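In our numbering, the protein residues as written are 3 to 261. We treat Cβ as the ideally placed atom computed from N, Cα and C, and that holds for glycine. In this text, all values refer to a predicted model and were calculated from it rather than measured experimentally. Let me begin by presenting the structure, written as structure tokens, before commenting on it.
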Amino acid sequence: MEEMKIGFLANSLMTLERYWDKLHDKAECWWGVTQPNTYRRLKKKKIRNVVYHHDKHFVDRNRTSGNMYVSPDPGEGERIVAEKIQPDLWLADTLNKLNRVPKKTFWVQVFHSLPIKEHFFYPGVLEYDLMLLPGEYHKKELIKRLHLKDKEDERLKIVGWPRVDDFFNGTFDRQEIMKSLGLDVTAKTVMYAPTWGWGHGNEYLFARWHDDEIEVFEQLCQQVRNMNVNFIVKLHNLSFHVTNDRLIEVARKYNVLWA
């Protein structure tokens, strides 16, 4: 009997890697990747079964909401890797990746983040044959918002959220990680980790104070320092501020970890 081929269409490794670990020795598994950072991480892990096609983007600053990183040919990268892999089964971690690929086989959606945003409940998700959900809330909301009928919800399966498994199975040593990051292991830790945009594209650090973000960020850093706690700032990878020299300078001034 021919071995089953499973494709992993990845935006990142955070969730899909848990499924890869379970399946790669049970089937012929391949990563399909269009993001350079994800490709580099797979190479670092010395994983060979990777099909990569760089997804080119440009910044469209005329857009006032949503993602300002725009592809000149949306879905081109996904279509190319899909044609090369041609699996019997696709696992994807982002809703709009497989939706741009001709549907020739079974699709499974595992979600790359905790799915509570509005776009998680949009009709495009119904193109998937199976959706693996963190909990009962997500199942109930999908049924309600997308008006699923009897038996249509059979494709919704509650499996928990593999992305956080390592927090509970002893994989991480908190003190060891904090020491490696130069943090005080005796102090409490505050993290600011916003999602991107808040409806304003990729350009803003906060949901308000858009004209005074540098000053507000410095005030925030000063207040947190006065609390004698560790402060970590971890921006979304789509944020334009990830490499903002002025913000990074403020972070260094107040001994803030800019992650």
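* Do you know how far the Cα of Leu128 is from the Cα of Val53? -> A straight-line Cα-Cα distance of about 26 Å links Val53 and Leu128.
* To do: Starting from the C-beta of Lys7, find all residues in its chain whose C-beta is less than 8 Å away, skip the five residues before and the five after it, and write them out in chain order.
  => Only Ala29, Glu30, Cys31, Trp32, Ile87, Gln88, Pro89, Asp90 and Leu91 meet the Cβ criterion.
* Among all the DSSP beta bridges, which residues are the ones paired with Gln111? -> In the DSSP output, where bridge partners are listed per residue, Gln111 has Ala94 and Met133.
* To do: Given a cut-off of 8 Å, decide if Phe242 and Glu205 are closer than it, judged by their beta-carbon atoms.
  => In contact: Glu205 and Phe242 (Cβ atoms closer than 8 Å).
* N-terminal and C-terminal residue of the beta strand (DSSP E) that Trp22 is part of -> Premise fails: Trp22 lies in the alpha helix (DSSP H), Leu18 to Leu25, not in any beta strand (DSSP E).
* Pro74 versus Ala84, Asp57 and Ile82, residue with shortest Cα-Cα distance -> Pro74 has its Cα closest to that of Asp57, out of Ala84, Asp57 and Ile82.
* Identified DSSP bridge partners for Leu259 -> Note: Leu259 sits in a beta bridge opposite Ile234.
* Specify, as a first and last residue, the run of the alpha helix (DSSP H) that Glu30 falls within. => That residue, Glu30, is in no alpha helix (DSSP H); its beta strand (DSSP E) goes Glu30 to Val35.
* To do: Can you say whether Val110 is buried or exposed, counting buried as having 16 or more other CB atoms within 10 angstroms of its CB?
  => It is buried - the Cβ of Val110 has at least 16 other Cβ atoms within 10 Å.
* To do: Note down the Cα distance separating Gly79 from Lys99, rounded to an integer number of angstroms.
  => For Gly79 and Lys99, the distance between alpha carbons rounds to 9 Å.
* Pick out the complete alpha helix (DSSP H) segments inside the stretch 149 to 203, 4 residues or longer, and give them in chain order. => Scanning the stretch 149 to 203 from its first residue to its last, the whole alpha helix (DSSP H) runs of 4-plus residues come out as 176 to 182.
* **Option in Ser115, Thr191, Tyr130 and Gly162 with minimal Cα separation from Glu138** => Closest in C-alpha terms to Glu138, from the list Ser115, Thr191, Tyr130 and Gly162, comes Gly162.
* DSSP on Gly77, reduced to helix/strand/coil? -> Reduced to three states, the DSSP call for Gly77 is coil.
* To do: Taking Asp131 and Arg157 to be in contact with their CB atoms under 8 Å, please state how far apart those CB atoms are, rounded to whole angstroms.
  => Cβ atoms of Asp131 and Arg157 come within 8 Å of each other, at about 6 Å.
* To do: Give me whichever residues DSSP pairs with Val226 in a beta bridge.
  => Per DSSP, none; premise fails for Val226.
* Asked: How about Arg220 and Val244: do their beta carbons lie closer than 8 Å?
  -> A small correction: the amino acid at residue 220 is Glu; Arg does not occupy that position in the sequence shown. When the beta-carbon positions are compared, Glu220 and Val244 stay at least 8 Å from each other.
* Identify whether Phe123 lies in helix, strand or coil by the three-state DSSP scheme. => Helix, per DSSP.
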